[in-house]
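Some notes on the structure that comes next.
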Amino acid sequence: MGNSYSGYGLLLSSVPLLVHGTECFFPLHARFVANILPIFSFQKIEGEYLTLDDTVNMLQKAIDAAPSEKWRAAADFIFVRTFEQRQGSVGFVACAAAAFYASTLPVSQRHPLHMLFMVQAAFMALANLHHATGFPFLGYNPFITAAGKGLGIAFVPFWIMAFYCNYMGFQDSKSSLAKLD
């Protein structure tokens, strides 16, 4: 059964690539998540979808809204936010590539990646739990929308399942390794 849990854990840990992977190559593609992902798009009507120009204009207005003496700090803040989105995307691409590679290895050699994916799944579950509940002990995000709350509700179980499969894959990998000694 270990290969099944391991395989499912690796597969589930690769899913974010499908949603967020393009951002590392195409900055500001996050708007497509808001435009296309069903939890967001079911509530939109024709003409509500953000274009690249809309996105750039909104971010520029955020910079322009800062006091003039803080313009540079505001511009740097917007850059850092877009850069962090891109870095997150790179992380998801790397995780998917590592999961693909791990799937070619014997189960006994996969435990380091299952540990990584358990940590990823645990923190993603907490982040989504925060979006679903707004519990202050998980941080403060004043921009949680109804769709964001729905997204959190939808993905907490996904990340719990990813954690469980990777935990079981980790245990099975360690057991397989011990049998080789």
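Residue 13 is where the sequence shown starts when you use the numbering used here, and the numbers rise one by one after that.
All residues carry an ideal CB built from backbone N, CA and C; glycine is no exception.
Because the structure is a prediction, the values reported are computed rather than measured.
Can you tell me which of the options puts its alpha carbon nearest to the alpha carbon of residue i?
i	options	result
G103	F44, S25, A190	S25
I90	F112, E81, T67	T67
A158	L150, A106, A144	A144
A190	H123, A87, A77	H123
I172	D184, A139, K186	A139
L40	S18, Q97, D76	Q97
A134	L117, F167, A108	F167
S16	K186, L192, S187, N178	N178
G146	A137, K161, M136	K161
S185	P118, A108, L62	P118
V92	A106, I75, A108	I75
L64	L192, V45, A85, A137	V45
L23	S188, A109, F149	A109
F95	C107, L62, F38	F38
G59	M70, N47, A111	N47
G21	Q72, K82, L125	L125
Q121	I156, A85, A77, G181	G181
K73	L62, Y113, A86, V27	A86
F170	A137, A106, S188	A137
G164	W83, L141, P154	L141
Residue i lies in the alpha helix (DSSP H); which residues open and close that run?
i	result
F170	158-192
Q132	123-145
F44	42-48
P28	28-32
Checking contacts by CB at 8 Å: is residue i closer than that to chain B?
i	result
G100	Checking the listed chains, one finds no chain B in this structure; it contains a single protein chain.
- Query: Which parts of the segment 61-87 are runs of the alpha helix (DSSP H), unbroken and 4 residues or longer, counting only runs that do not cross its ends?
  - Reply: 64-76
- Does the segment 174-192 come close enough to the segment 116-134 that 3 or more CB-CB pairs lie under 8 Å? yes
- Message: Tell me whether the segment 99-115 and the segment 27-35 touch, counting them as touching only if at least three CB pairs, one residue from each stretch, are closer than 8 Å.
- Response: yes
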